[in-house]
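Taking it in order: structure first as structure tokens, then the write-up.
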Amino acid sequence: MTAKPFEPVIDSTEIQGDILAGFRKDHVRLLFVSVADTALPAFKGWIRAITPKLAYLDAVATFNVMFSAARRASQNGEAPPLSATWMNLAISGQGVKRLLPQDQWSQLDVTFLDGPTEDASLVGEPDNGSPGGPQSWLVGAPSHGHDVLLIIAGDDLADVERGTSEHTHALQNLVEEDDAVTVRLESGNARSAQPGHEHFGFKDGISQPGVRGRIGSATGQYVTARVLDPKDPSYALFAAPGQPLCYPGEFVLGYPRKREGSLDPNDTIVDPTIPLTKNGSYLVYRRLRQDVPGFMAAAEAMAAQLSQNQSFGPRSAGFAAACLVGRWPSGAPVIRSPLADDPALGDDSYASNNFQFAQASHLPMYGAHSKILPDNFPQADADTFGNTCPFSAHIRKVNPRDQTTDQGDGVRTLEHRILRRGIPYGADFDPSKPGSDNEDRGLQFLCYQSSIQRGFQFLMNQWANSADFPLGRGNDIVIGQSGEAQRSVTVLAPDGSQVLVTFPQRLVMTTGASYLFSPSRSALLNFFGS
Amino acid sequence: MQLSAPGNLTDFTTDEQKSDWSNKLSTEIDQAIAGISKCTAASQYVNPAIVDVSAFQRAPIHWVGFPKLLYTQFTTKQQAYAAADTPSVVDNGKLSGGRTIQDEYLEWYIHRDQQGNIRAIDFTTETQKYWEFLYTANPALAAESYSTVLGVNVNIKDISTPEGNYDPYNRFNTTNGIVHLVQVNNTLEAELDIAAQSTLPRLDDAGNVTNDVVSCKHCGTVAPKDALGSAGRNSDPTIAQMVNAVAANGCLLTIPDPVGLYIQTLDTSGWSTPAGVKLADCWKIVRGIPAVRATFTLPTGAQLSDFSIGGIPIKYAGQIAEKISVFLTAAYGPKGAVPLPPARPCSGQAEGTALTKSTSRRMTR
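Taken in sequence, the protein lines are chains L and U. Under the numbering used here, residues 1 to 530 are what the first sequence spells out, in order. Under the numbering used here, residues 1 to 365 are what the second sequence spells out, in order.
Here it is as structure tokens:
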């Protein structure tokens, strides 16, 4: 007998807003703060003072609804003149050990406490001492840790810069002693040339898991809006086409999450929590440097190799790149547009995520309230064997959707979803500009989960980095890491023959990392700030 | 062609034994094919002893070696590991302990010292079918092979029932060691059966073609418990879905020689070892190409908890099993070689419905 779906009530005034609602801002500043022992008492006061100024779920979710409604109402779909600047605060493993007594911090997750240098090789980073290993990280290198991360995110650049300057100044002058509090600033901005696209040129952040639950009360708004009509066969399990509903405990501590191993998506458990951990979430930060010319060259080389296969015939670098990502630059999924980009499909946020891998897609029945029109794009065929969208494609590696995996039934993938909050950093690559290829650019990657082991660590170790998963078709070339070893993919040609392509270099390199805990408002006041 | 022993093992001492094994395995495969013959005019599953599959493409289907079902039965992973590590007990011919729940075609035996500390762990994917054959062919050879595998002296009597038959629950394969799989679902027949049955196109309850076939009834039967495999395992759903997906292309397919279940790899990323200890010196493939047996041996003076994965100390053998991939190989020929039979309902009720283009819309069963 299967369990019935239910909607937990989410404490909207306690949970920091970036976790479940997402700030969704064009400008993000990340202030990694390190505090000397002598400044800790003052720093606790600073935490107490800033806690009420942080943005919590109620405010962020309300704003996001208003913003989306205004955008839909605008004539051209452009961003409405609504602006907000939000802040959230997260504490590192080093930080909790310095701010809390051991009997308290020891209640937190061990992977978080150990920090990202401890499991670096597990998630595929080169060994310490090797080029690109943790000792070379710009953020979070061994012996160069930080205590907290203050996230400042807003729609208006000047407002964000002003807030960043004010808070940096306040922190640096928290005590009279020089350098007792230091701030490492990392920036992220939507790319003006291609908003919503990362530096390789692909639209990012399209597919996020839906989150079950209602905000604040049993009649409050859903955490994730439901757009399907109850008559749609996916209605009970999906918020939108291709967006499965996960229980909030996958992301926030103290709420139901799917029981590991269960075949029933509504079979849930609640992990025990204490006031310190309840309504908190673990935040993974990765500073990912992207080698844009390297990616372009790799796509060219891959295209040349694919083109040598008679069944493939001439293939472009764009086709090869789409094979690596699983989407075209517009966001159109390869599985729905196998041979060329379809910008209109990419612009349709619902159609571009309406697909599975093992089963064909179908035309969704949208609820009347959603005011979403059905699309006319060709539906996706079932692609269980990876004939259309390669198994090694990034979007398929980290989210196999309905496909069975080495973990068994596809429903288990719900146990390994994360809420991504990435934003690009650095200037666009400009081949006409001398030195542009050597500039530092990439993604400030952030993601929330209730367990780093089940979330980020699992996705990297078990799926992205595994050349065996699935069917031995190779690595996730986009985010997968394999130390300094060569990586490869195997792509199926139209006649079913296999083309093996090797990639001698990493195209995305970790240049900073942090494991953090994003506490509740009460935990900040009663534990970290007390 | 003559089919090889699993893992290309070289236990056989006579050509007759080699030939007999090949014939026996070929018969097993034929039986699996016969199981679907009433549901398709031309079976897509072929016998590699009869059909030349040397030009077929290979696809390794792999899964995690730790039993997933245990995650759902216990509150914490530690409890699941502990349950899987429970020592075997044989009482009146009935086996109990961790081996009865190690159901991912990977079973293990833990060697402990007098203090109860783990000193070594033997992992195997060898099937009972193979060892029964060895015993039947030559009991002395079976005992000798036991001795070779275990490094201790094993006599025929040690592995025989009082009636003189092979005893799979003998102490050298249960309480005192491990030579082959004994969990009831970890059988070669099950592997062949699910592979052959999964070639058939199936319809879900809504009448749509589905490749989510592990829970479908066997072709032509309506027995309530007669599903192709267990949806709750890591292995069965993956094998069933992948085979079904390949077969949907109209390919001939098979599990090629050497037919068997294999240890693919130990994922060593993120391991920390005691000072001066190399993981490669602890983890050894000791039998078969591909591997059917591996051993994790602790160096003198080291405890298992001195090893960690991603900073988490190892306490249980099950944590290592969780890092072991088990696999079988599917081999498939060109697309469109065989016309697809009509899709049959998973329920096993009404049959012969015409193949439809639409497919299931469910994310899960």
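Quick reminder that beta carbons are idealized off the backbone N, C-alpha and C, glycines included.
Distance from the CA of P142(L) to the CA of T511(L), rounded to the nearest whole angstrom, comes to 12 Å. The C-beta distance from L443(L) to L288(L) rounds to 5 Å, short enough to fall under 8 Å. Counting C-beta atoms within 10 angstroms of its own C-beta, Q356(L) has 16 or more neighbours from the protein chains shown and is therefore classed as buried. Cβ-Cβ separation between T384(L) and A196(U): approximately 18 Å, too far for a contact (criterion under 8 Å).
For S106(L), the closest C-alpha among the options V9(L), K53(L), T273(L) is that of T273(L).
Following the DSSP letters along the chain, one finds C246(L) inside the beta strand (DSSP E) bounded by residues 243-246.
In terms of beta-carbon proximity, R289(L) stays away from the interface with chain U, with every pair separated by 9 Å or more. The beta-carbon distance between V123(L) and Q486(L), rounded to whole angstroms, is 18 Å. This is too long to meet the 8 Å contact definition.
Of the candidates E484(L), I418(L), P424(L), I418(L) places its Cα closest to the Cα of L459(L). Contact check for A240(U) against V209(U) fails: the beta carbons are separated by 9 Å or more. Contact with chain U is found for E260(L), since one of that chain's Cβ atoms lies less than 9 Å from the residue's Cβ.
Three or more Cβ pairs closer than 8 Å define a contact, and the segment 228-244 of chain L meets that threshold against the segment 207-217 of chain L. With its beta carbon at least 9 Å from every one in chain U, V35(L) lies outside the interface.
Measuring C-alpha to C-alpha distances from A218(L) to each of K25(L), E7(L), L516(L), I479(L) identifies E7(L) as the nearest. Selection A344(L), I479(L), D440(L), R454(L) evaluated against R396(L) yields I479(L) as nearest (Cα-Cα). If you look at F43(L), you'll find it in the alpha helix (DSSP H) that goes 40-50.
With the rule of 3 Cβ pairs closer than 8 Å, the segment 92-108 of chain L does not count as touching the segment 305-315 of chain U.
Around R233(U), the beta-carbon contacts reaching into chain L at under 8 Å are G408. Contact of F327(U) with chain L is assigned, a C-beta pair being separated by under 9 Å. The continuous stretches of beta strand (DSSP E) do not include E161(L), which lies in the alpha helix (DSSP H) extending over residues 157-172. Y316(U) sits in coil when the DSSP states are folded into three classes, being neither helix nor strand. Between the segment 26-46 of chain L and the segment 137-154 of chain L, the count of C-beta pairs closer than 8 Å reaches three or more; the two stretches touch. Between G133(L) and G115(L), the C-beta spacing is not below 9 Å. T388(L) and L492(L) have their C-alpha atoms some 8 Å from each other.
Residue environment analysis places L185(L) among the exposed positions, since fewer than 16 neighbouring C-beta atoms fall within 10 angstroms of its C-beta. With respect to Q2(U), A49(U) sits close: the two C-beta atoms are nearer than 9 Å. When CB distances to chain L are screened at a threshold of 9 Å, the residues of the segment 68-82 of chain U falling below it are K68, L69, L70, Y71, T72, Q73, T75, K77, A80, in chain order.
In the three-state reduction of the DSSP assignment, T199(U) falls in the coil class, being assigned neither a helical nor a strand state.
With contacts defined by Cβ atoms closer than 9 Å, L171(L) and V181(L) form a contacting pair. Listed in chain order, the non-local C-beta contacts of G145(L) below 6 Å within the same chain comprise Q94, local neighbours out to five positions each way being set aside. Nearest neighbour of T300(U) by Cα position, chosen from N117(U), I178(U), L328(U), turns out to be N117(U). Residues of the segment 307-335 of chain L with a C-beta less than 8 Å from any C-beta of chain U: none at all.
At a cut-off of 9 Å between C-beta atoms, N138(U) does not count as an interface residue with respect to chain L.
Rounded to the nearest whole angstrom, the CA to CA distance from D430(L) to A320(L) is 21 Å.
About 6 Å separates the beta carbon of C219(U) from that of L200(U), a gap short enough to meet the 8 Å contact definition. Secondary structure note for F517(L): its beta strand (DSSP E) is the uninterrupted segment 508-518.
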